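As structure tokens, the structure follows; a few thoughts come after it.
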Amino acid sequence: MKSLWWLILFLFAGLAIAVAVGFGFNKEEPIHYDQEQAGLNKKVVIRFSHVVAENTPKGLAVNLFAKLVREKTNGMVEIRTYPNATLFDDATEFEALRQGQVEMIAPSISKLSARYPEWMVMDLPYAFMNERMVSEAMDGRLGQLLFQAIDDANVMGMALWDNGFKQMTANREIIKPSDFQNMKIRIMDSPVLRSQFQVLGAQAESYSFNDLYRQLESGAVEGEENTLSNIYSKRLYQVQTHMTVSNHGYLGYTVLMNRDVWNKLSGSQQEAIRQAMEETTVWIRHYAKEMNNKALTELKKDKGLSIHYQTDAERQEWQKALLPVYNQYKNAIGETVIREWRKVIEEKRDAS
Ligand code: LMR
Numbered sequence: 006m007k008s009l010w011w012l013i014l015f016l017f018a019g020l021a022i023a024v025a026v027g028f029g030f031n032k033e034e035p036i037h038y039d040q041e042q043a044g045l046n047k048k049v050v051i052r053f054s055h056v057v058a059e060n061t062p063k064g065l066a067v068n069l070f071a072k073l074v075r076e077k078t079n080g081m082v083e084i085r086t087y088p089n090a091t092l093f094d095d096a097t098e099f100e101a102l103r104q105g106q107v108e109m110i111a112p113s114i115s116k117l118s119a120r121y122p123e124w125m126v127m128d129l130p131y132a133f134m135n136e137r138m139v140s141e142a143m144d145g146r147l148g149q150l151l152f153q154a155i156d157d158a159n160v161m162g163m164a165l166w167d168n169g170f171k172q173m174t175a176n177r178e179i180i181k182p183s184d185f186q187n188m189k190i191r192i193m194d195s196p197v198l199r200s201q202f203q204v205l206g207a208q209a210e211s212y213s214f215n216d217l218y219r220q221l222e223s224g225a226v227e228g229e230e231n232t233l234s235n236i237y238s239k240r241l242y243q244v245q246t247h248m249t250v251s252n253h254g255y256l257g258y259t260v261l262m263n264r265d266v267w268n269k270l271s272g273s274q275q276e277a278i279r280q281a282m283e284e285t286t287v288w289i290r291h292y293a294k295e296m297n298n299k300a301l302t303e304l305k306k307d308k309g310l311s312i313h314y315q316t317d318a319e320r321q322e323w324q325k326a327l328l329p330v331y332n333q334y335k336n337a338i339g340e341t342v343i344r345e346w347r348k349v350i351e352e353k354r355d356a357s
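Counting from 6, one number per residue, gives the positions in the sequence shown under the working numbering.
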């Protein structure tokens with residue numbers, strides 16, 4: 006009888022140990038954890054998912070941000086990065102963030118604009134003349150209004166990271182607005198971008214970024230618009246014969262974080278992340294342009310890609326053809342945002 010009691014005791018002890026190990030009483034918490042509330046030896050892991058390659062402005066910015074956060078928190082906060090849509094792709098990342106399956110993402114503005122219509126202003130064709138104008142807009146009242154518009158209870162807007170201006174690529178020459186007639190073009194999922202190509206007589210299809218190479222290769226779509234760094238790093242030039250350097254639209258990223266996770270961080274962790282974010286934002290502003298220039302130098306070496314630089318007269322023709330897009334979206338964007346955007350471009354135009 007005594008040995009039966011010992012056996013039962015032994016089995017219970019074994020079970021208790023298995024539960025403790027199995028349910029992870031390990032030092033590394035998979036996500037957020039508040040140091041101040043529960044000891045200093047717990048490490049916080051924040052997963053940052055994105056869809057582009059690491060050798061792009063966004064890919065490098067995420068890596069730099071991770072490094073700065075590690076340094077500023079002595080390794081107690083780890084930003085774990087997932088490039089190339091290895092965790093979530095552009096169609097799934099927003100919901101995943103909202104539901105806490107990932108803690109940070111940086112979707113392109115275009116992919117966010119259907120949720121927050123004020124952001125559509127950034128997607129309008131030829132809305133900004135250069136990167137400086139974008140920075141001044143985002144640092145001023147316009148940026149404030151746009152970040153206020155992210156009114157989701159569980160999603161927090163943190164910064165805008167630059168990539169740059171978009172160019173057109175296709176398997177035929179695109180010089181005049183009429184060259185778009187009946188062309189099947191891949192777009193990011195954005196109402197403004199859909200209209201932009203529809204008014205030019207093209208057919209716009211939205212596909213995720215990671216499918217883009219395949220869709221171009223198979224001929225499912227004939228063209229697309231993107232920044233030079235994306236065209237180069239995703240090797241889109243290998244499946245396109247023509248590129249027009251048109252700078253017809255801006256592409257940047259809204260860095261978003263799960264609000265619940267943010268609220269559970271300690272004050273010093275939040276401060277470290279905020280500072281790392283600010284430093285990364287300043288860095289990417291300078292570096293993105295350099296990366297796009299480097300990508301152009303590389304693209305010029307490709308014999309299979311014919312590059313056309315849009316002239317001023319051609320740009321004016323495109324602008325005229327695209328004017329209906331402004332009328333179509335001005336109400337959805339809202340008068341206040343449109344007014345602030347106009348102020349920026351008019352001030353800049355006068356100053357130049
Ligand atoms: C796209 O075309 O989907 C992109 O521009 C993706 C990105 O995040 O840069």
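For glycine and all other residues, C-beta sits at the position ideal for the given N, C-alpha and C.
In this text the structure is predicted, and so the values were computed from the model without any measurement.
How close, in whole Å, do the beta carbons of residue i and residue j come, if the pair is a contact with beta carbons under 8 Å?
i      : j      : result
ALA337 : PRO130 : With 8 Å as the limit, ALA337 and PRO130 do not qualify as a contact, their Cβ atoms being about 16 Å apart.
SER118 : TYR87  : The Cβ separation is near 24 Å, so there is no contact.
LEU102 : ASN263 : 6 Å
LYS116 : SER195 : 7 Å
VAL226 : TYR314 : Between TYR314 and VAL226 the Cβ distance is about 24 Å, and since that is not below 8 Å, they are no contact.
Identify, in the order they occur along the chain, each residue of the same chain with its Cβ nearer than 8 Å to the Cβ of residue i, setting aside the five sequence neighbours on each side.
i      : result
THR246 : ALA175, ASN176, ARG177, GLY309, LEU310, SER311
GLN203 : ALA209
ALA71  : PHE53, GLU83, ILE84, ARG85, THR86
With a CB to CB cut of under 6 Å and the five nearest residues on each side skipped, what residues in its chain are close to residue i?
i      : result
LEU233 : ASN297, ALA300, LEU301
ARG146 : GLU345
GLN333 : SER200
LYS348 : none
ARG85  : VAL50, ARG52
GLU59  : PRO88
ARG267 : First, the amino acid is wrong: residue 267 is Trp here, not Arg. The answer, listed in chain order, is MET161.
GLU98  : SER54, ILE110
ASP156 : none
Can you tell me whether residue i is buried or exposed, with buried defined as 16 or more other CB within 10 angstroms of its CB?
i      : result
GLY257 : buried
LEU270 : buried
GLY169 : buried
VAL342 : buried
ARG290 : buried
GLN274 : buried
SER238 : buried
GLU283 : exposed
THR61  : buried
THR316 : exposed
PRO112 : buried
ASN235 : buried
THR91  : exposed
GLU76  : exposed
ALA318 : exposed
VAL67  : buried
ASN31  : Because ASN31 carries a pLDDT of 35, less than 50, the predicted location of this residue cannot be relied on, and no value is offered for it.
LYS63  : buried
ASN231 : buried
GLU340 : exposed
GLY272 : exposed
LEU304 : buried
VAL57  : buried
ASP167 : buried
GLU100 : exposed
LEU328 : exposed
TYR38  : In this predicted model, TYR38 has a pLDDT of only 46, less than 50, meaning its place in the structure is not dependable enough to derive any value.
So the candidates are the options; which of them puts its Cα closest to the Cα of residue i?
i      : options                        : result
VAL50  : VAL107, ARG146, LEU165, ARG120 : VAL107
ASN252 : LYS171, GLU322, GLY148         : LYS171
ASP95  : GLN280, ILE192, ARG199, ASN332 : ILE192
GLU351 : PHE202, VAL287, LYS72, GLU141  : GLU141
GLY80  : LYS47, PHE93, VAL57, TYR255    : LYS47
LEU1   : PHE133, MET127, ARG137, ASP167 : Residue 1 falls outside the range modelled here, since the chain spans only 6 to 357, and no answer is possible.
ASN135 : TYR255, GLN280, GLU276         : TYR255
THR259 : ARG120, ASP307, GLU59          : ARG120
SER213 : MET143, GLU229, GLY64          : GLU229
ILE278 : GLY64, VAL56, VAL57, LEU69     : LEU69
VAL139 : LYS294, ALA318, GLN203         : LYS294
LYS360 : ASP157, THR78, ALA132          : Given that the chain is displayed from residue 6 to residue 357, the structure contains no residue 360 and the question cannot be resolved.
MET163 : MET173, ILE179, MET143         : MET143
VAL82  : ASP307, ALA281, ARG320         : ALA281
ASN215 : LYS305, ARG85, TRP288, ASN89   : ASN89
GLU276 : ARG52, THR78, ARG85            : THR78
ALA154 : ILE110, LEU328, LEU261         : LEU261
LEU165 : GLY148, ILE179, MET173         : GLY148
So, for residue i: in the same chain, excluding its five sequence neighbours on each side, which residues have a beta-carbon less than 7 Å away from its beta-carbon?
i      : result
ASP265 : GLY105, ASN159
TYR218 : LYS239, ARG240, LEU241, VAL244
VAL197 : SER118, MET125, ASP128, LEU129, VAL330, TYR334
GLY206 : PHE185, GLN186, ASN187
GLU322 : LYS181, PRO182
GLN220 : ARG191, TYR212, VAL226
PHE152 : GLY162
Would you say residue i reaches chain D, if we count a Cβ-Cβ gap shorter than 9 Å as a contact?
i      : result
ARG191 : Annotation note: the requested chain D is absent from the structure, which comprises a single protein chain.
Subject >> Runs of alpha helix (DSSP H) wholly within the stretch 112-175 (minimum 4 residues, chain order) >> reply: 114-117, 136-144, 146-153
Original post:
At which residue ranges does the stretch 235-260 contain complete beta strand (DSSP E) runs of 3 or more residues, listed in the order of the chain?
Top reply: 247-250, all fully within the stretch 235-260.
**OP:** Starting from the N-terminal side, write out each stretch of the beta strand (DSSP E) that is 3 residues or longer and does not extend beyond the stretch 54-94.
**Re:** 82-87
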